[in-house]
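Undergrad:
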Amino acid sequence: MDILSTDAGYRQRFFDADYWTPYVRWVVWKQFGVRNAAVRSGLAGTYPTFIADDRWVVKFFGDLFEGEATHAAELCVGLLRPERHGIPAPALLAHDDMYDAPGQWRWPYLVFEFMEGGSIGEAGDSVSHGDRVRIAREVAGMTRALHTVPIPADGPFDASWGAYEALIACQRAQCVENHREWGDLPDHLIAQIDYYLAPTEELIDRGRPPHLIHADITADHILGLVEAARWRTTALIDFGDAMVGGHLYELVALHLDVFRGDTALLAAYLDAYGVDVAFHAALPRLALSTCLLHRFDVFASLAAIVGDVDEVASLEMLADTLWAMPTGH
2 MDILSTDAGY RQRFFDADYW TPYVRWVVWK QFGVRNAAVR SGLAGTYPTF IADDRWVVKF
62 FGDLFEGEAT HAAELCVGLL RPERHGIPAP ALLAHDDMYD APGQWRWPYL VFEFMEGGSI
122 GEAGDSVSHG DRVRIAREVA GMTRALHTVP IPADGPFDAS WGAYEALIAC QRAQCVENHR
182 EWGDLPDHLI AQIDYYLAPT EELIDRGRPP HLIHADITAD HILGLVEAAR WRTTALIDFG
242 DAMVGGHLYE LVALHLDVFR GDTALLAAYL DAYGVDVAFH AALPRLALST CLLHRFDVFA
302 SLAAIVGDVD EVASLEMLAD TLWAMPTGH
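With positions in the sequence shown counted from 1, the corresponding number in the numbering used here is that position plus 1.
#1: Sort Ser302, Trp30 and Leu65 by Cα distance to Leu186 and report the nearest one.
#2: I need the straight-line Cα distance from Arg138 to Tyr196, nearest angstrom please.
#3: The alpha helix (DSSP H) spanning Val177 covers which residue range?
#4: Going by alpha carbons, who is nearest to Gly87 out of Glu114, Ser120, Pro211 and Val150?
#5: Measuring alpha carbon to alpha carbon, tell me which residue in His180, Ala199, Val29 and Thr201 is nearest Ile191.
#6: Name, in chain order, the residues that DSSP records as bridge partners for Ser42.
#7: Answer yes if the region 228-248 comes into contact with the region 80-95, meaning at least three C-beta pairs across the two stretches below 8 Å, and no otherwise.
#8: For Ser100, count the other beta carbons within 10 Å of its own beta carbon; 16 or more makes it buried, fewer makes it exposed. Which is it?
#9: So which of Gln193, Glu178, Phe113 and Val245 has the shortest CA-CA distance to Arg207?
#10: Out of Asp298, Phe297, Phe300 and Leu267, which one is the CA nearest neighbour of Arg133?
#11: Which partner residues does Ser120 have in the DSSP bridge list?
#12: Would you say the region 315-327 touches the region 285-302, given that touching needs at least three Cβ pairs under 8 Å?
#13: What residue from Cys292, Glu178, Glu114 and His215 has the CA that sits closest to Phe33's CA?
#14: Just reading off the alpha helix (DSSP H) that Leu293 is part of, what are its end residues?
#15: Among Glu84, Glu69, Asp19 and Trp183, which one has its Cα closest to the Cα of Ala146?
#16: Since Thr22 is in the alpha helix (DSSP H), which residue starts that stretch and which ends it?
#17: What would DSSP say about Tyr196, mapped onto helix, strand or coil?
#18: If I measure Cβ to Cβ from Leu65 and keep anything under 6 Å in the same chain, skipping five residues before and after, which residues do I get?
#19: Determine the extent of the alpha helix (DSSP H) in which Arg135 is found, giving its start and end residues.
#20: Taking contact to mean 3 or more Cβ pairs, one atom from each stretch, closer than 8 Å, check whether the region 40-56 and the region 124-133 are in contact.
#21: Quick check on Thr144: buried or exposed, where buried means 16 or more other Cβ atoms within 10 Å of its Cβ?
#22: Under the rule that 16 or more other beta-carbon atoms within 10 Å means buried, what is Gly79, buried or exposed?
#23: What is the rounded straight-line gap between the Cα of Arg26 and the Cα of Asp97?
#24: From the DSSP output, in three-state form, read off Thr264 for me.
#25: Secondary structure at Trp57, three-state DSSP: helix, strand or coil?
#26: Between Leu319 and Leu249, what straight-line distance do the alpha-carbon atoms span, to the nearest angstrom?
#27: In chain order, what residues of the same chain lie with their CB nearer than 8 Å to the CB of Ile306, ignoring the 5 residues before and after it?
#28: Around the C-beta of Ser129, are 16 or more other C-beta atoms found within 10 angstroms, so that it is buried, or is it exposed?
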């Protein structure tokens with residue numbers, strides 16, 4: 002598997018079902034005693050993920066792209082059994098390492114139950130706006146449930162706000178540089194960042210205990226089926242970016258990717274989640290500050306939401322465009 006130790010080799014092979022079939026079959030035989038499973042590629046992501054016999058999803062973690070930390074996070078969440086907390090997540094069925102030789106990457110893997118359906122991103126416009134409102138409310142129930150799951154003392158997550166504070170501090174220190182490198186905002190908006198960002202204390206809700214967040218609820222990670230022209234959600238997947246963090250951070254990918262900036266969907270979500278009036282009032286500035294401080298470039302689809310970003314005069318205007326509630330909320 003040496004080819005997977007370089008970026009170029011990894012990108013060439015990580016989604017190649019022919020290459021991975023012997024490894025997937027070995028895992029399925031070892032864990033479940035089934036030989037010669039039919040193997041196909043799963044949803045494209047960061048890590049090699051394959052479906053075996055439409056019964057199991059086998060996900061491997063390399064040592065590139067923070068594979069160690071991602072595996073630890075997803076394993077921990079899987080062991081918390083989110084499906085028992087009202088979250089339609091696939092059950093974790095097995096986990097182990099492929100190798101244990103000294104000096105060799107161990108290639109840890111997780112095996113989940115197979116959940117039928119494609120992603121809501123793939124479904125695109127076949128999902129009606131009415132269904133999207135319902136989905137927003139469903140996801141609110143999922144996140145509210147996740148945000149109350151107890152944090153284990155012996156896992157990779159610190160049951161305090163310390164790690165989240167440190168993340169915000171780190172991102173704040175390199176925020177302007179990040180956005181210049183990403184080229185996701187025009188220069189006149191980047192110049193306003195240092196003056197615009199909300200203080201860290203306003204970005205952390207210390208009125209509630211530290212809690213887990215999914216941190217990457219995108220359109221690729223909500224699965225479902227369109228039946229009789231109606232969407233039915235089957236699963237929320239991929240907890241590899243899970244961490245202890247704030248609800249604001251949870252909202253970033255959800256609103257910009259799943260809701261595609263539709264504030265009516267955001268309003269439906271927030272109403273179902275049960276946020277208070279103060280949260281609504283402070284949302285535009287605090288949410289945009291969190292977007293700016295995010296680990297990743299979250300503005301890839303910004304033009305599709307706001308139009309010509311160069312015409313947006315200020316970060317305050319951008320915040321209101323993206324996050325202000327529609328009239329009546």
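Every residue, glycine too, gets a C-beta built ideally from N, C-alpha and C.
Computed from a predicted model, the values in this text were never measured in an experiment.
TA: Judging by the given coordinates:
#1: Against the sequence shown, residue 186 aligns to sequence position 185. It is Ser302 whose Cα lies nearest to the Cα of Leu186.
#2: Position 137 of the sequence shown, counting from 1, holds the residue named residue 138. Position 195 of the sequence shown, counting from 1, holds the residue named residue 196. In this model, Arg138 and Tyr196 are separated by some 35 Å (Cα to Cα).
#3: One-based indexing of the sequence shown puts residue 177 at position 176. Its alpha helix (DSSP H) spans residues Cys176 to Trp183.
#4: As a first step, residue 87 is located in the sequence shown; it is residue number 86 there, counting from the start. Residue nearest to Gly87 within the set Glu114, Ser120, Pro211 and Val150 is Val150 (criterion: CA-CA distance).
#5: For the purposes of this step, residue 191 is identified with residue 190 of the sequence shown, where counting begins at 1. Selected option, being the one with the closest Cα: His180.
#6: As a first step, residue 42 must be located in the sequence shown, where it is residue number 41. Per DSSP, Phe51.
#7: By the Cβ test, the region 80-95 is in contact with the region 228-248, since at least three Cβ pairs between them sit closer than 8 Å.
#8: The residue given as residue 100 occupies position 99 in the sequence shown. First, the amino acid is wrong: residue 100 is Tyr here, not Ser. By the beta-carbon neighbour count (other beta carbons within 10 angstroms, threshold 16), Tyr100 is exposed.
#9: As a first step, residue 207 must be located in the sequence shown, where it is residue number 206. Ranking the options by Cα distance to Arg207, first place goes to Val245.
#10: What you label residue 133 is simply residue 132 of the sequence shown in a count that begins at 1. Of the listed residues, the one whose Cα sits closest to Arg133 is Leu267.
#11: What you label residue 120 is simply residue 119 of the sequence shown in a count that begins at 1. DSSP output for Ser120 lists Leu224 as bridge partner(s).
#12: Cβ pair count under 8 Å is three or more, so yes.
#13: In the sequence shown, the residue the question calls residue 33 occupies position 32. Nearest C-alpha to Phe33: Glu114.
#14: Here the question's residue 293 lines up with position 292 in the sequence shown. Going by DSSP, Leu293 is part of the alpha helix (DSSP H) stretching over Val278 to Leu293.
#15: Along the sequence shown, one-based indexing puts residue 146 at 145. Looking from the CA of Ala146, the closest CA among Glu84, Glu69, Asp19 and Trp183 belongs to Glu84.
#16: To locate residue 22, count along the sequence shown from 1; it is residue 21. Taken as a continuous stretch (DSSP letters only), the alpha helix (DSSP H) holding Thr22 covers Ala18 to Phe33.
#17: The sequence position of residue 196 within the sequence shown is 195, counting from 1. Secondary structure of Tyr196 (DSSP, three-state): helix.
#18: By one-based count along the sequence shown, residue 65 stands at place 64. Within the same chain, Leu65 has close Cβ partners Tyr11.
#19: Taking the first residue of the sequence shown as position 1, residue 135 is located at position 134. From DSSP, the alpha helix (DSSP H) with Arg135 extends over His130 to Leu147.
#20: Too few Cβ pairs lie closer than 8 Å, so no.
#21: Taking the first residue of the sequence shown as 1, we reach residue 144 at position 143. Flag for Thr144 reads buried.
#22: Within the sequence shown, residue 79 is the residue found at index 78, counting from 1. Buried: at least 16 other Cβ atoms inside 10 Å.
#23: What you label residue 26 is simply residue 25 of the sequence shown in a count that begins at 1. What you label residue 97 is simply residue 96 of the sequence shown in a count that begins at 1. Between Arg26 and Asp97, the C-alpha separation is close to 14 Å.
#24: In the sequence shown, the residue the question calls residue 264 occupies position 263. Helix, per DSSP.
#25: Sequence index remark: in the sequence shown, residue 57 carries index 56 (1-based). The answer is strand: DSSP assigns Trp57 an E or B state.
#26: Taking the first residue of the sequence shown as position 1, residue 319 is located at position 318. Taking the first residue of the sequence shown as position 1, residue 249 is located at position 248. Going by the C-alpha atoms only, they are around 17 Å apart.
#27: One-based indexing of the sequence shown puts residue 306 at position 305. Residues Leu257, Arg261, Gly262, Thr322 and Leu323 of the same chain have their beta carbon placed closer than 8 Å to that of Ile306, with the five preceding and five following residues left out of the count.
#28: Taking the first residue of the sequence shown as position 1, residue 129 is located at position 128. Exposed, since its Cβ has fewer than 16 Cβ neighbours within 10 Å.
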